[in-house]
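J.: Residue numbers for the sequence shown follow my numbering, beginning at 1 and rising by one. Heads up, the beta-carbon is just placed ideally off N, CA and C, and yes, glycines get one too. First the structure, then my questions, so here it is.
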Amino acid sequence: MKHIFLITTICLFISCCKNLDTHSKSEVIKVESITGIVKNGQLAFASRYDTMSRDSDVAVDKNSLYQISSNTKKTTLSDIVNEEAQFFLEDKRFNALSIAVFDNGESYIGHYGEMDKGLGNKPTNKTLYEIASVSKTMTGYLVASAVEEGKLKLDDVIYDILGTRYQNLQYNGEPVRIKHLITHTSGLPLNIRGVSELYQNPSSTSYKEAQKVLTNYSKEDLLLEVQSLKLTQKPGENYGYSNIAPNLIAHILEIVYSKSFEELLKEKLFIPAKMLNTCINLNNEQKALLANGYNENNELMPNFKEPIQLWGAAGRIKSNSEDLLNYIKWQLNENNSIIKRSHEKLFHDVENIWIGYYWEVIDRNVDDYIEHHGGIYGSQNWIIIFPKQNVGVSIITNSSFPEANQLIKETANKIINKINYK
Numbered sequence: 001m002k003h004i005f006l007i008t009t010i011c012l013f014i015s016c017c018k019n020l021d022t023h024s025k026s027e028v029i030k031v032e033s034i035t036g037i038v039k040n041g042q043l044a045f046a047s048r049y050d051t052m053s054r055d056s057d058v059a060v061d062k063n064s065l066y067q068i069s070s071n072t073k074k075t076t077l078s079d080i081v082n083e084e085a086q087f088f089l090e091d092k093r094f095n096a097l098s099i100a101v102f103d104n105g106e107s108y109i110g111h112y113g114e115m116d117k118g119l120g121n122k123p124t125n126k127t128l129y130e131i132a133s134v135s136k137t138m139t140g141y142l143v144a145s146a147v148e149e150g151k152l153k154l155d156d157v158i159y160d161i162l163g164t165r166y167q168n169l170q171y172n173g174e175p176v177r178i179k180h181l182i183t184h185t186s187g188l189p190l191n192i193r194g195v196s197e198l199y200q201n202p203s204s205t206s207y208k209e210a211q212k213v214l215t216n217y218s219k220e221d222l223l224l225e226v227q228s229l230k231l232t233q234k235p236g237e238n239y240g241y242s243n244i245a246p247n248l249i250a251h252i253l254e255i256v257y258s259k260s261f262e263e264l265l266k267e268k269l270f271i272p273a274k275m276l277n278t279c280i281n282l283n284n285e286q287k288a289l290l291a292n293g294y295n296e297n298n299e300l301m302p303n304f305k306e307p308i309q310l311w312g313a314a315g316r317i318k319s320n321s322e323d324l325l326n327y328i329k330w331q332l333n334e335n336n337s338i339i340k341r342s343h344e345k346l347f348h349d350v351e352n353i354w355i356g357y358y359w360e361v362i363d364r365n366v367d368d369y370i371e372h373h374g375g376i377y378g379s380q381n382w383i384i385i386f387p388k389q390n391v392g393v394s395i396i397t398n399s400s401f402p403e404a405n406q407l408i409k410e411t412a413n414k415i416i417n418k419i420n421y422k
């Protein structure tokens, strides 16, 4: 009778899914896991979706339930990752895929596909990818370190550090503070002038122009632009994603530490976390290891292989799967007071989503988890970490198109769900 009830429940769920409409961009879709129990040769099911990206229109897929085998043979991390990678690459818009997983002391890295179609060049542990906005979480770690060391306070007013030329960074008497810069609530624009306009009609031509602008835009250019801004909302009240804010934070970190941003990354994160292949600007050997990026038509896209003039704190870090696995391990150590601080919930955005030190913190009452997406012209990636479960996944591809973000997120969630049931 219990078995009949379980099957009936699953059938009712699938029937409901058929009638769900596409959700709007402002909504967060969360489908709670449906858990059958693998006993006596019965099947277990779990939802393919967990928390969906708020940046894309998505509909709940009636085919999104997957079966977990009741085979008595223990499922390994490699089994899980290999199966999901093969399914993922059935979508021929993707080229290569690299996945790093950590599960309670067990690690696995898998590489799939080919970086350049037709060449058979599968990625390796040495392959470097542009991790884009996942870079922000590393910047956030430095801010948490500065707060722990007493170099900064979250309530510090920006113009008290930068000087009177930045007194424009206030609205109706409320100044921009450190906490506003790291939670995307400062009111600063998304991008430097001219870049967002180029993104409105995406094409290889507009992306190449944006890449050229961002490569040549200097630190002095950005600081002068910030000094000319006029805020239109009170800092701390509304979420508004900004790529300018992390670069301004990098400048502030350089002031309070009297060291360059790149030096701080190496000293406080890359060396202790054993991320020795991770960097912003590449040497000649590293340039040869950077994966080419493509769009859905297999058209070669521009990248940031050449040195940039800005700090790179918002999205110019490059890394490989070995280093990202080590980053997951580093972030799982909440006995480290800096790491624990960097996971704090500082601003409540929507539903169960909070913003920490650039991390999105997903509130699940007893087992919050953190995540961040990174996307650029020819690369997409997600990193998702469950500190209390001691589990983390990094998944990255050298292909980029509007749906890629969500497809990668789904695959990461499927891997995590299967780890929970293996």
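Measure the beta-carbon distance from A100 to S321 and round it to whole angstroms, keeping in mind my assumption that it falls under 8 Å.
T.: For this step, residue 100 is matched to residue 100 along the sequence shown. For this step, residue 321 is matched to residue 321 along the sequence shown. Confirmed, about 5 Å.
J.: Using the Cβ count rule (16 or more neighbours within 10 Å means buried), how would you classify V350?
T.: Reading the sequence shown from its first residue, position 350 is the one you call residue 350. V350 is exposed by the Cβ-count criterion.
J.: Specify the secondary structure class of L264 as computed by DSSP and reduced to three states.
T.: Your numbering for residue 264 matches position 264 in the sequence shown. Of the three classes helix, strand and coil, the one that applies to L264 here is helix, per DSSP.
J.: Going by alpha carbons, who is nearest to H373 out of D160, G150, L407 and S133?
T.: Taking the first residue of the sequence shown as 1, we reach residue 373 at position 373. Closest by alpha carbon: S133.
J.: Taking the alpha-carbon positions, what's the Q167 to P175 distance?
T.: If you number the sequence shown from 1, residue 167 lands on position 167. If you number the sequence shown from 1, residue 175 lands on position 175. Each residue's Cα considered, the two are about 8 Å apart.
J.: Buried or exposed, going by whether 16 or more other CB atoms sit within 10 Å of the CB of Y207?
T.: Residue numbering aside, residue 207 sits at position 207 when the sequence shown is read from its first letter. When all chains shown are included, Y207 counts as buried.
J.: Answer with buried or exposed for F87, where buried requires no fewer than 16 other C-beta atoms within 10 angstroms of its C-beta.
T.: The residue given as residue 87 occupies position 87 in the sequence shown. Label assigned to F87: exposed.
J.: Can you tell which of G113, L332, E267 and V147 has its C-alpha closest to the C-alpha of D91?
T.: The residue you call residue 91 lines up with position 91 of the sequence shown. The candidate whose alpha carbon is nearest that of D91 is G113.
J.: Assign D323 to one of three DSSP states: helix, strand, or coil.
T.: Numbered from its first residue, the sequence shown carries residue 323 at position 323. Helix at D323.
J.: Determine the direct distance from the alpha carbon of Q200 to that of K179, and round the result to whole angstroms.
T.: By 1-based counting over the sequence shown, the position of residue 179 is 179. By 1-based counting over the sequence shown, the position of residue 200 is 200. When rounded, the distance between both Cα atoms is 30 Å.
J.: Measuring only the C-alpha atoms, how far is E148 from W311?
T.: Walking along the sequence shown from the start, residue 148 turns up at place 148. Walking along the sequence shown from the start, residue 311 turns up at place 311. Answer to the nearest angstrom: the Cα atoms are 22 Å apart.
J.: Since S145 and I308 should fall inside the 8 Å C-beta cutoff, what is the C-beta to C-beta distance between them, to a whole number of angstroms?
T.: Position 145 of the sequence shown, counted from the start, is the residue given in the question as residue 145. Position 308 of the sequence shown, counted from the start, is the residue given in the question as residue 308. The pair is not a contact, with the Cβ atoms about 23 Å apart (cut-off 8 Å).
J.: Residues bridged to Y171 by DSSP?
T.: For the purposes of this step, residue 171 is taken as the residue at position 171 of the sequence shown. Paired residues: E174.
J.: Going by other Cβ atoms of all chains shown within 10 Å of its Cβ, with 16 needed for buried, is D363 buried or exposed?
T.: Within the sequence shown, numbered from 1, the residue matching residue 363 stands at position 363. Exposed: under 16 other Cβ atoms inside 10 Å.
J.: Please report the straight-line C-alpha distance between I395 and G173, rounded to a whole angstrom.
T.: What you label residue 395 is simply residue 395 of the sequence shown in a count that begins at 1. What you label residue 173 is simply residue 173 of the sequence shown in a count that begins at 1. Cα to Cα, I395 sits roughly 43 Å from G173.
J.: For S204, which residues in the same chain have their Cβ closer than 6 Å to its Cβ, ignoring the five residues on either side in sequence?
T.: Sequence index remark: in the sequence shown, residue 204 carries index 204 (1-based). E299, listed in sequence order.
J.: Less than 6 Å between C-beta atoms, sequence neighbours within five positions excluded: which residues of the same chain meet that for K340?
T.: The count along the sequence shown starts at 1 and reaches residue 340 at position 340. Cβ neighbours of K340 beyond the five flanking positions: E334.
J.: Report the residue from A404, Y239, Y377 and N238 whose alpha carbon sits nearest the alpha carbon of A210.
T.: Against the sequence shown, residue 210 aligns to sequence position 210. Nearest of A404, Y239, Y377 and N238 to A210, Cα basis: Y377.
J.: Please report the residue range of the alpha helix (DSSP H) in which V256 lies.
T.: For the purposes of this step, residue 256 is taken as residue 256 along the sequence shown, with counting starting at 1. V256 -> alpha helix (DSSP H) spans I244 to Y257.
J.: Taking S426 as the reference, which of L324, Q406, G120 and S399 has the closest Cα?
T.: Because the chain spans 1 through 422 in this model, residue 426 falls outside it and cannot be assessed.
J.: Say whether the stretch 234-245 touches the stretch 182-197, bearing in mind that this needs 3 or more beta-carbon pairs closer than 8 Å, one atom from each stretch.
T.: Taking 8 Å as the limit for Cβ pairs, the verdict is that the stretch 182-197 does touch the stretch 234-245.
J.: Between S379 and N398, how many whole angstroms is the CB-CB distance? I'm expecting something under 8 Å.
T.: Along the sequence shown, read from residue 1 onward, the residue named residue 379 stands at position 379. Along the sequence shown, read from residue 1 onward, the residue named residue 398 stands at position 398. Indeed they touch by this definition, with Cβ atoms about 6 Å apart.
J.: Helix, strand or coil for S53? Go by DSSP, reduced to three states.
T.: Indexing the sequence shown from 1 puts residue 53 at position 53. Note that S53 has pLDDT 35, beneath the 50 cutoff, so the model's placement of it is unreliable and the number below is only indicative. It is coil, neither helix nor strand.
J.: Identify, in the order they occur along the chain, each residue of the same chain with its Cβ nearer than 7 Å to the Cβ of K151, setting aside the five sequence neighbours on each side.
T.: Mapped onto the sequence shown, residue 151 falls at position 151. V256 and Y257, listed in sequence order.
J.: For F386, I'd like the list of residues in its chain whose CB is within less than 6 Å of its CB, leaving aside the five on either flank, ordered along the chain.
T.: For the purposes of this step, residue 386 is identified with residue 386 of the sequence shown, where counting begins at 1. Answer for F386: Y369, listed in chain order.
J.: Would you decide whether G118 is buried or exposed? Buried here means 16 or more other CB atoms lie within 10 Å of its CB.
T.: Counting from 1 along the sequence shown, the entry for residue 118 is found at position 118. Under this definition G118 is an exposed residue.
J.: In whole angstroms, what separates the C-alpha of N297 from that of E197?
T.: Mapped onto the sequence shown, residue 297 falls at position 297. Mapped onto the sequence shown, residue 197 falls at position 197. When rounded, the distance between both Cα atoms is 23 Å.
J.: Let me check one thing: in DSSP terms, what residues is H180 bridge-paired to?
T.: The residue given as residue 180 occupies position 180 in the sequence shown. Its beta-bridge partners do not exist; DSSP assigns none.
J.: Between F430 and the rest of its own chain, which residues show a CB-CB distance below 7 Å, the 5 nearest in sequence each way excluded?
T.: Coverage of the chain is limited to positions 1 through 422, which leaves residue 430 absent and any answer about it impossible.
J.: Tell me which residues share the same chain as E344 and place their Cβ nearer than 6 Å to its Cβ, disregarding the 5 neighbours each side in the sequence.
T.: As a first step, residue 344 is located in the sequence shown; it is residue number 344 there, counting from the start. Taken in chain order, the residues that qualify are G356.
J.: Based on Cα-Cα distance, which residue from L253, V393 and H348 lies nearest to L142?
T.: Position 142 of the sequence shown holds residue 142. Nearest of L253, V393 and H348 to L142, Cα basis: L253.
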